[in-house]
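Following: one structure in structure tokens, then a few remarks.
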Amino acid sequence: MRIQRVRGIPDWLGADAARLRLLEEQGIGLARQYGYQEVVLPVLEPKELFVRSIGTHTDIVGKEMYCFEDRGGEAICLRPEGTAGAVRAFLQAGLHRGGTQRWCYVGPMFRRERPQKGRLRQFTQFGCECFGLASPAADVELLALAWRYLDALGVAARVRLLLNSLGCSVCRPPYRERLVAFLEARRERLCADCQARITRNPMRVLDCKNASCQAELQSAPHMLDMLCDACRAHFAEVRAGLEALGIAYRVDPKIVRGLDYYTRTAFEFVAEGLGAQATVLAGGRYDGLVKALGGPDVPAVGFAAGLERLALLLDEAPLAAPDAVVIALGEEMLAPSLKVAEALRREGFFVVHAGGGGAKRQFREADRQGARWAVIVGEDEWKRGLVRVKDLQTGTQHELDLEEACKLLRTD
RNA sequence: GUGGACGUAGCUCAACGGUAGAGCCCCGGGUUGUGGUCCCGGUGGUUGGGGGUUCGAGUCCCCUCGUCCACCCCA
Numbered sequence: 070m071r072i073q074r075v076r077g078i079p080d081w082l083g084a085d086a087a088r089l090r091l092l093e094e095q096g097i098g099l100a101r102q103y104g105y106q107e108v109v110l111p112v113l114e115p116k117e118l119f120v121r122s123i124g125t126h127t128d129i130v131g132k133e134m135y136c137f138e139d140r141g142g143e144a145i146c147l148r149p150e151g152t153a154g155a156v157r158a159f160l161q162a163g164l165h166r167g168g169t170q171r172w173c174y175v176g177p178m179f180r181r182e183r184p185q186k187g188r189l190r191q192f193t194q195f196g197c198e199c200f201g202l203a204s205p206a207a208d209v210e211l212l213a214l215a216w217r218y219l220d221a222l223g224v225a226a227r228v229r230l231l232l233n234s235l236g237c238s239v240c241r242p243p244y245r246e247r248l249v250a251f252l253e254a255r256r257e258r259l260c261a262d263c264q265a266r267i268t269r270n271p272m273r274v275l276d277c278k279n280a281s282c283q284a285e286l287q288s289a290p291h292m293l294d295m296l297c298d299a300c301r302a303h304f305a306e307v308r309a310g311l312e313a314l315g316i317a318y319r320v321d322p323k324i325v326r327g328l329d330y331y332t333r334t335a336f337e338f339v340a341e342g343l344g345a346q347a348t349v350l351a352g353g354r355y356d357g358l359v360k361a362l363g364g365p366d367v368p369a370v371g372f373a374a375g376l377e378r379l380a381l382l383l384d385e386a387p388l389a390a391p392d393a394v395v396i397a398l399g400e401e402m403l404a405p406s407l408k409v410a411e412a413l414r415r416e417g418f419f420v421v422h423a424g425g426g427g428a429k430r431q432f433r434e435a436d437r438q439g440a441r442w443a444v445i446v447g448e449d450e451w452k453r454g455l456v457r458v459k460d461l462q463t464g465t466q467h468e469l470d471l472e473e474a475c476k477l478l479r480t481d
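70 is the number of the first residue of the first sequence in the numbering used here; add one for each residue after it.
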């Protein structure tokens, strides 16, 4: 048995790779338009960073992280998400004294989960983080960027935005207390998963897929009904902003987000037809995280998009075909043909050299490459300073010097 | 981590418990200097791996690994 790839960590080849690259470039390019600057952050971080930011009792930290001890004895992890590292870098650079920072990034994340459709152990996220703005305007602009991104990719019609507010350190604890009390009161009527969730993450119970649990939850208290004045005002502003920009959304009190650090605004863009892993881009506000990681009280909002999931929504893009394939007829012509290929490339053409050898093989190669033109370097013509240019669609060919050949190639 | 479905050539798939095959792809020839069509030929498999039942296992049984889908969780 030959060596195979690690479970849940796929190879992206050909058109699939091109599609991921497109997703990356589109994201970074658009983010820049909104004032977000690209940052390149480490894939490895101290384990402690994720424990402190994501929360010990979450699945990610509890059982999904790839961790190891390096030779110095330090506990190192492959990052399971991007926000924690961004905050760490932000603090380490002392940028909390540098005013508002808007960052974007793309890169691989790692979680040791059971693979399924839209869920991989190594996956790519495009993320944006905005530090230093408490205003709902920051939430709205971030959402606008996310929306533009999905729209630019052509998937906006198949995605809907779900919005919620998770409250803050003032209003969430009392809500949580009331919810737990509510759930405890009917503990034995909830499913086993939900019973465990009561202590681990009670808000998760709200979106249990079990019908009998949902029936029990009819009269459950909602965070939105218990927001403090500041959170209520913030949420109203976010909604007003979205409406002003014409971005459609639905308030969904069941959007709770998995990670501990979220406050106030939480959102998910959910796609149709992706199976169970349909959240394609998600994020929210995390005003407490910078402080929790030892920094000052800096508010922040951000999102991350799962590029492999988005790729599932995109049509397969055909790979670009070369403008011309260069064919050498006869061993003597190999070196001259290489020169011809280089000269054409210097003129800006996308050129593949067929590799010499039999004519039939080389033309077949040109065909497979999907090239429009074959530039044939043969002995007779070369002696006269000419090459043959064949239109592979019509089969017609001309003897031309290099300059004329370029002109012809440029006509199409 | 739990449940279910499925593993035969590079790909898509056949083969009643009885000689492992087809199509596509790939390589070569027909055409020592002209492709995509056509014709001819060829490479390619320890049937995911291991064990068992049987005169005989791709086929039945057990284990294991892998893939997919769902749960859980999340992008």
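The beta-carbon is built from N, C-alpha and C at its ideal position, and this holds for glycine as well.
* C-beta contact flag for Glu385 and Arg88 at 9 Å -> yes
* Count the other CB atoms within 10 Å of the CB of Leu487; is the residue buried (16 or more) or exposed (fewer)? -> Any answer about residue 487 is impossible in this case: the structure gives the chain only from 70 up to 481.
* Pick from Gly77, Phe200, Trp442, Leu231 that is closest to Arg326, judged by C-alpha positions -> Leu231
* Asked: Rounded to a whole number of angstroms, what is the C-alpha to C-alpha distance between Leu235 and Glu306?
  -> 15 Å
* Which residues in the same chain as Ala221 place their Cβ atom closer than 8 Å to its Cβ, once the five residues preceding and following it in sequence are excluded? -> Gln95, Leu99
* **Span of the alpha helix (DSSP H) around Arg30** => Residue 30 cannot be examined here, being either before or after the span of the chain that is shown, 70 to 481.
* Asked: From Trp451 to Glu468, what distance separates their C-alpha atoms?
  -> 10 Å
* On a CA-only basis, which of Arg241, Glu341, Leu293, Gln264 is nearest Asn279? Give me that one, please. => Gln264
* To do: Would you mind reading off the limits of the beta strand (DSSP E) that contains Ser234?
  => 228-234
* To do: Mark Pro271 as exposed unless 16 or more other C-beta atoms lie within 10 angstroms of its C-beta, in which case mark it buried.
  => buried
* Asked: In terms of residues, what are the limits of the alpha helix (DSSP H) holding Gly501?
  -> This structure leaves residue 501 out entirely; the chain is present only between 70 and 481.
* CA-to-CA distance, Ala153 to Leu118, given in whole angstroms -> 7 Å
* Asked: Which one of Asp449, Leu413, Val394 has the shortest CA to CA distance from Gly424?
  -> Val394
* To do: Could you have a look at Thr152 and say whether DSSP puts it in helix, strand or coil?
  => helix
* With which residues is Trp442 paired in a DSSP beta bridge? -> Ala393, Asp460
* Asked: Using the beta-carbon count (16 or more within 10 Å), is Ile396 buried or exposed?
  -> buried
* State the Cα-Cα distance for the pair Val130 and Lys408, rounded to the nearest angstrom. => 57 Å
* Asked: Among Pro387, Glu472, Cys136, Val339, which has the Cα closest to the Cα of Val224?
  -> Val339
* Asked: Less than 9 Å separating the beta-carbons of Phe179 and Val109?
  -> no
* Asked: Apart from the five residues on each side of it in sequence, which residues of its chain come closer than 8 Å, Cβ to Cβ, to Cys300?
  -> Ser234, Gly236, Cys237, Val239, Cys240, Arg333
* **Cα-Cα separation, Ala361 to Val370** => 15 Å
* What are the start and end residues of each continuous beta strand (DSSP E) run of 3 or more residues lying completely inside the segment 154-224, in chain order? -> 170-179, 191-200
* To do: Would you identify the three-state DSSP class for His291, choosing helix, strand or coil?
  => coil
* Asked: Do the segment 135-146 and the segment 193-211 make contact, defined as three or more Cβ pairs closer than 8 Å?
  -> no
* Asked: Are Ala443 and Ala215 touching if we call contact CB-CB under 9 Å?
  -> no
* DSSP three-state call for Gln346: helix, strand or coil? -> coil
* Asked: Is Cys136 helix, strand or coil by DSSP?
  -> strand
* Asked: Quick one, which of Tyr318, Gly447, Lys459 has its alpha-carbon nearest Asp436's?
  -> Lys459
* Asked: Tell me which same chain residues have a C-beta within less than 8 Å of the C-beta of Pro365, skipping the five on either side of it?
  -> His165, Val359
* **Cβ neighbour criterion (16 or more within 10 Å) applied to Arg453** => exposed
* Leaving out the 5 sequence neighbours to the left and right, which residues in its chain are closer than 6 Å to Ala335 when beta-carbon positions are compared? -> Asn233, Leu235, Ile324, Arg326, Gly353
* To do: Give me the Cα-Cα distance between His126 and Pro149, rounded to the nearest whole angstrom.
  => 15 Å
* Do the CB positions of Cys197 and Cys173 come within less than 9 Å of each other? -> yes
* So which of Leu311, Pro387, Leu403, Glu285 has the shortest CA-CA distance to Glu257? -> Glu285
* Under the DSSP definition of a beta bridge, which residues are partnered with Phe119? -> Note: Phe119 sits in no beta bridge, so no partner.
* To do: Could you round the C-beta distance between Arg76 and Pro184 to whole angstroms and report it? I think they count as a contact, below 8 Å.
  => 7 Å
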